[in-house]
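A.B. asks: The structure under discussion is supplied below as structure tokens; questions concerning it will follow.
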Amino acid sequence: MTPCYPMPAPYGNALRCADCHRAAKSPKCHACKLPTFERCVSAFNVHWHMACFKCKACRHPIKGQEYVVHQGCAYDEDCYHHTIQKIDMENDPAK
């Protein structure tokens, strides 16, 4: 998308092309900061492109699957159960 430039009077700087208008009105992805024109994920009170919402451990996109939040980060269920939960259990002083 090539950015457009504001049109001159009589409308001041209010006019812009349709693509730039959509970009200005679309939520921005928390990871890449680009507009989320297509379907996006809403997590942690921000928006993400589907490809940008990734597991903290393996860095693979969390696409349409459940995720677990641990210390403010998203993990896919496999990574959480195989790494984070295991570490938490090993560090449990009650053992």
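Just so it is clear: in the sequence shown, position 66 is 66 by the UniProt record's numbering, and no numbers are missing. Heads up, the beta-carbon is just placed ideally off N, CA and C, and yes, glycines get one too.
1. With a floor of 3 residues, list each beta strand (DSSP E) that falls wholly inside the UniProt domain "LIM zinc-binding" (27 to 86), ordered by position along the chain.
2. Within its chain, find whatever has a CB closer than 8 Å to the CB of tryptophan 48; leave out the 5 residues flanking it on each side and keep chain order.
3. Identify, in the order they occur along the chain, each residue of the same chain with its Cβ nearer than 6 Å to the Cβ of alanine 51, setting aside the five sequence neighbours on each side.
4. Sorry if obvious, but does the Cβ on valine 46 come closer than 7 Å to a heavy atom of the ligand ZN?
C.D. replies: From the atom records:
1. 40 to 43, 46 to 49, 67 to 70, 73 to 76
2. Cys29, His30, Ala31, Thr36, Cys40, Val41, Ser42
3. Pro61
4. In terms of ligand content, the structure shown is empty, and the ligand ZN therefore cannot be addressed.
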